[in-house]
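Asks: Below is the structure I would like to discuss, written out as structure tokens.
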């Protein structure tokens, strides 16, 4: 661990550790339920300390951690596969395509990374209870980590979440509070709950360490890519926290002078859940009106981290792209049948987007491109059945 | 890669590479469909060569591979998490309990390891088509690897296989041939198919490199356990190939003088799919009459590798134990809620067995015990729903 301050992403005020927990005390007051969060905090490390201690020969990734290793739960996350996908590259006319398959985290999604760090923080703080709202993946991730580490987990989740996500949450022994309505409603209810009943709230971006947890996927891509920065990373975007985490990884690496460039971050959204895309296009923020998409994990009306996500794309010279539900389902089958990677729809949206990018020649064919595949296809079998037929025995 | 010979496990005849492909030409003739295989071949390396080249400081695991690295598909397998499970250990009165979670292979099960090596072998041989019979996991593993590496995959699978397994096989683009009846029937049909239509048959134990592929999980446990041998490893047993693979790992390590002892191998079977258990108890082999169990991945009437599995248990001073379907479902919930590991029923059978072992004091409480968790719970959500209730929104 390296010493750090929390910095408000809006007013730039700095706060010492343990003097704030969630949002900036000033800017956070502007937050209205059903809108993006205001006053999200970011971790600013002492980068000179990291620069001094970090070596590529024997990299100590704990230097990039905002929680001491001794609090880490017995639930290993990350270390997921990063591999070249030559057959898919050929199909889409690229030459150097890679996949980071984060569906290989224990609960089946990248969200394990955030839950892991939050559980470590809860242990440090002596909290016994962790509370979250989720479209499903963050919920099962939190439930799993809580089971391994011995926390009570209270989880607000839309009752429309895919059955596999609900079943795993209950199997992990979490207390599940199903919500009529969307993720946004679950988000609001979970904040209310922690305010009244206590516990540590793990809502994404609301707790700044969720971004730090998700950041580790970016650090891993860099390390697995032989300490070089890919040209572009395609990221499925719902509430905007994963893309902010990937941004933060390369920001930290740049700040510690371990690299000198950023990858273009490509924001992939579903046509119906397009608030961040529109924000990037128009500069004016508006909620998505009816965010229902087959890619349930990125189905969000008011993305909690819209402001940081916008910055992540703009400051890396990236862009955003929309894909339809049918394109997402086609992307899922393409990713499975050309790369052997079975991804949930939200994660497969990256492959769908790459097909569009190829057609529109938005990225040069010789660039090194990474698809960040955030969740396993086994998370939602009903969605995966929409595009295929299973033969019957004769 | 180290040079090797194939050795018949029955008559001990030795064969040079490429002079045989599947079973021993003599003993294999005794094989009758619907019974365990006869004349299964084993890979015997030049262990002096491994002993000379292998170092713990910079371990070259390719020395233990029967196929050259240059043929490996772009589909990374293994490197799955190995972690301590203290809460589960406390609950079951053990002190040093570990989990190897091989459900974190890309297609969600340990079977990826065998499919990976068979695909490498197919590439070396110039075969374009790989054929297999499977209860579901080997099938999705083969389908996935074939998609990444560009092989045609032809898969015989009982149509009663869990829907998630069928869906993923089709998503991966394999040709699926659903079979009325059991795994044993699919096994027979797939052998018929390769005999008539060609292609490389990947049936477990029938192709000796399936055992070599699965072996890598044992090598990894050894490496991740700081190059020490655990006291006991619990392995779910259906056709007996995984336990034979784990045995082979430690046999290779002993033969190359990298360690000097074997872990006890504990054979865990479902009450209804108990052929190897009975074989161990009575010394007389008999098919399981009605192998139907909730643990579909270990539901087998005539285990293809019964003879080697028996040897694996006996030569390591291990034992076998049966668990009922209800015990398996309880084991699944226990593993999820005390260790954060959501396992498919067959894999959770190890936790169920450990609960029994604890009660009957069959292993000392201070021994280092490893549960080999072979498949992810997301593989079969219907089974996981049998033991829980999902709350509804009020």
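Chains as they are written, first to last, in our numbering: chain A, 1 to 394; chain B, 1001 to 1394.
Where is the CB? At the ideal position from N, CA and C, for every residue including glycine.
(1) Does any CB atom of chain B fall closer than 7 Å to the CB of residue 245 of chain A?
(2) Report the neighbours of residue 1163 of chain B on chain A: residues whose CB is nearer than 7 Å to its CB, in chain order.
(3) Does DSSP put residue 1024 of chain B in a helix, a strand or coil?
(4) Which residues mark the beginning and the end of the alpha helix (DSSP H) in which residue 96 of chain A is found?
(5) At least one CB of chain A closer than 7 Å to the CB of residue 1388 of chain B: is that the case?
(6) For the ligand MG, is there a heavy atom less than 6 Å away from the beta-carbon of residue 1224 of chain B?
(7) Which residue wins for smallest C-alpha separation from residue 317 of chain A, given the options A:256, A:15 and A:267?
(8) Quick check on DSSP: helix, strand or coil for residue 204 of chain A?
(9) Could you tell me the alpha carbon to alpha carbon distance between residue 183 of chain A and residue 158 of chain A, rounded to whole angstroms?
(10) Who are the near neighbours of residue 59 of chain A in its chain, counting only those whose CB is closer than 8 Å to its CB and skipping five residues on each side?
(11) With 16 other CB atoms within 10 Å as the buried threshold, where does residue 1226 of chain B fall?
(12) Using Cβ-Cβ distances below 7 Å, what residues of the region 165 to 186 of chain A are close to chain B?
(13) By a C-beta neighbour count over all protein chains shown, 10 Å radius and 16 as the cutoff for buried, is residue 290 of chain A buried or exposed?
(14) Inspect the CB distances between the region 336 to 348 of chain A and the region 76 to 90 of chain A and report whether three or more fall short of 8 Å.
(15) May I have the straight-line CA-CA distance separating residue 298 of chain A from residue 1142 of chain B, to the nearest angstrom?
(16) What does a CB cutoff of less than 6 Å around residue 357 of chain A pick up in its chain, not counting 5 residues either side in sequence?
(17) One question on the structure: do residue 320 of chain A and residue 277 of chain A come within less than 7 Å of each other, judged by their Cβ atoms?
(18) Please tell me whether residue 1130 of chain B and residue 1147 of chain B are closer than 7 Å, where the distance is taken between their beta carbons.
(19) Name, please, each residue of chain A whose Cβ falls closer than 7 Å to the Cβ of residue 1104 of chain B.
(20) Residue 1328 of chain B touches chain A at which residues, Cβ-Cβ below 9 Å?
(21) Whose C-alpha, out of A:394, A:10, A:44 and A:375, is nearest the C-alpha of residue 209 of chain A?
(22) Residues in the same chain with beta-carbon distance under 7 Å from residue 53 of chain A, minus the five sequence neighbours each way, listed in chain order, please.
(23) Can you tell me whether residue 156 of chain A is helix, strand or coil according to DSSP?
(24) Within this structure, are the beta carbons of residue 1218 of chain B and residue 1113 of chain B separated by less than 7 Å?
(25) So, using beta-carbon positions, are residue 1119 of chain B and residue 1073 of chain B closer together than 7 Å?
(26) Measure the alpha-carbon distance for residue 292 of chain A versus residue 302 of chain A and round it to whole angstroms.
(27) Strictly by DSSP, which residues pair up with residue 1005 of chain B?
(28) Taking Cβ-Cβ distances shorter than 8 Å, what residues in chain A pair up with residue 985 of chain B?
(29) Note down, in chain order, each residue of its chain lying with its Cβ closer than 8 Å to the Cβ of residue 1181 of chain B, except the 5 sequence neighbours on either side.
(30) Quick one, are the C-beta atoms of residue 331 of chain A and residue 312 of chain A less than 7 Å apart?
(31) How many Å lie between residue 215 of chain A and residue 1032 of chain B at the Cα?
(32) Please report the residue range of the alpha helix (DSSP H) in which residue 1323 of chain B lies.
(33) Any idea what DSSP makes of residue 36 of chain A, helix, strand or coil?
(34) Who are residue 1297 of chain B's beta bridge partners in DSSP?
Replies: Reading off the structure:
(1) Output row for residue 245 of chain A: interface = no.
(2) Chain A residues near residue 1163 of chain B: 381.
(3) coil
(4) From DSSP, residue 96 of chain A is part of no alpha helix (DSSP H) but of the beta strand (DSSP E) over 96 to 101.
(5) It does; some Cβ of chain A falls within 7 Å.
(6) For the ligand MG, the structure offers nothing, since it holds no ligand at all.
(7) The option with the nearest alpha carbon to residue 317 of chain A is A:267.
(8) strand
(9) 6 Å
(10) Contacts found: 223.
(11) exposed
(12) 166, 167, 168, 170, 171, 172, 173, 176, 178, 179 and 180
(13) exposed
(14) Contact between the region 336 to 348 of chain A and the region 76 to 90 of chain A is present: three or more C-beta pairs spanning the two stretches fall below 8 Å.
(15) 30 Å
(16) 363
(17) yes
(18) no
(19) 104 and 106
(20) For residue 1328 of chain B, there are no C-beta contacts with chain A under 9 Å, since the nearest C-beta of that chain is about 13 Å from it.
(21) A:44
(22) 60 and 63
(23) strand
(24) Taking C-beta atoms as the reference points, residue 1218 of chain B and residue 1113 of chain B fail to come closer than 7 Å.
(25) yes
(26) 13 Å
(27) B:1016 and B:1044
(28) Past the boundaries of the shown model lies residue 985 of chain B; chain B is included only from 1001 to 1394, so the question cannot be answered.
(29) Correct list, in chain order: 1158.
(30) No, the pair does not count as a contact, with Cβ atoms beyond the cut-off.
(31) 56 Å
(32) First-last for residue 1323 of chain B: 1319 to 1323, but that is the beta strand (DSSP E), not the alpha helix (DSSP H).
(33) coil
(34) None; residue 1297 of chain B has no bridge partner.
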